[in-house]
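Peer 1:
In the numbering used here, the protein residues as written are 100 to 328.
Next comes the structure, spelled out in structure tokens:
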């Protein structure tokens, strides 16, 4: 493969994408993927290659980034998309109520925790106020009484917070367990559907890619294979 200068490769890449819209199938948009739909204007990807990728990779990336007109690639992606969509919908349907249940449980736990803090603070404040009133009769004795009351109030406050936090933590843990149980089957179904769909897609794309990009360094995973010493 003969690579031109980076500016020349960028110019050829831009020319190849003339009139190509978002959603079109392209090859080597990312170095670990043969083909995929274009999710942003081609110029945005070209600009990112020129600004965000190592300079030693830029010419090759620009050389290989091209629209694909292979019917096999397009059909493979359509098959993949059709297989994944129902799994995604099932996953989303499971996540939504689980998330709502989790959010409601956490909200209730925080409300209980906040109410406990307010009550504990009111008790502490009342105890401190009474202690200060007693202090005016005999400063030394009142101060000792006040200090004892403050200490006791803080102990009551701390105990109330600890109990409230334990209640909140238990509620959050239970909510998370419910959420996790609801999401796991959907996640497993989704993962299996994606794996199967990707295998079908990959099998259909490979021969089309070999025909369309015969001098490509793609090794099955990346366009930047690690050389064997």
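For glycine and all other residues, C-beta sits at the position ideal for the given N, C-alpha and C.
Against chain C, does residue 107 count as a neighbour if the rule is that its beta carbon must be under 8 Å from one of theirs?
Peer 2: Here there is only one protein chain, and chain C is not present.
Peer 1: Report the rounded CA-to-CA distance for residue 218 versus residue 253, giving the unit in angstroms.
Peer 2: The residue labelled residue 218 in the question sits at position 119 within the chain shown. The residue labelled residue 253 in the question sits at position 154 within the chain shown. Between residue 218 and residue 253, the C-alpha separation is close to 12 Å.
Peer 1: Using three-state DSSP, classify residue 136 as helix, strand or coil.
Peer 2: By one-based count along the chain shown, residue 136 stands at place 37. Residue 136 falls in the strand class under three-state DSSP.
Peer 1: With a threshold of 7 Å on Cβ separation, who are the neighbours of residue 320 within its own chain once the five nearest residues in sequence on each side are excluded?
Peer 2: Taking the chain shown and counting its residues from 1, the one referred to as residue 320 is at position 221. Taken in chain order, the residues that qualify are 131.
Peer 1: Expressed to the nearest angstrom, what Euclidean distance is found between the alpha-carbon atoms of residue 70 and residue 194?
Peer 2: As displayed, the chain neither begins before 100 nor continues past 328, which places residue 70 out of reach and without an answer.
Peer 1: Drop a sphere of 10 angstroms on the beta-carbon of residue 150, count the other beta-carbons inside from all chains shown, and report buried for 16 or more, exposed for fewer.
Peer 2: What you label residue 150 is simply residue 51 of the chain shown in a count that begins at 1. Answer is exposed; the Cβ neighbour count stays below 16.
Peer 1: If distances are taken between C-alpha atoms only, which option among 293, 153, 109 comes closest to residue 41?
Peer 2: Residue 41 falls outside the range modelled here, since the chain spans only 100 to 328, and no answer is possible.
Peer 1: Return the chain-ordered list of same chain residues with a C-beta closer than 6 Å to the C-beta of residue 190, the five sequence neighbours on each side being excluded.
Peer 2: By one-based count along the chain shown, residue 190 stands at place 91. Within the same chain, residue 190 has close Cβ partners 285, 289.
Peer 1: Going straight from the alpha carbon of residue 198 to that of residue 207, what length do you get?
Peer 2: On the chain shown, position 99 is the one that residue 198 refers to. On the chain shown, position 108 is the one that residue 207 refers to. Those two C-alpha atoms are separated by around 14 Å.
Peer 1: Would you check if the region 171-178 and the region 291-307 touch, i.e. whether three or more CB-CB distances between them fall below 8 Å?
Peer 2: yes
Peer 1: Given residue 259, which residues of its chain have a CB within under 6 Å of its CB, disregarding the five upstream and five downstream residues?
Peer 2: By 1-based counting over the chain shown, the position of residue 259 is 160. Excluding residues within five positions, the ones whose Cβ falls inside 6 Å are 215, 219.
Peer 1: Using the C-alpha atoms, what's the distance from residue 279 back to residue 246?
Peer 2: Start at 1 with the first residue of the chain shown, and residue 246 comes out as number 147. Start at 1 with the first residue of the chain shown, and residue 279 comes out as number 180. Looking at the two C-alpha atoms, the distance is approximately 48 Å.
Peer 1: The alpha helix (DSSP H) with residue 168 in it runs from where to where?
Peer 2: Taking the first residue of the chain shown as 1, we reach residue 168 at position 69. Unbroken run through residue 168: none, as it is neither H nor E.
Peer 1: Indicate whether the contact test is met: 3 or more Cβ pairs, each with one atom in the region 104-123 and one in the region 157-165, closer than 8 Å.
Peer 2: yes
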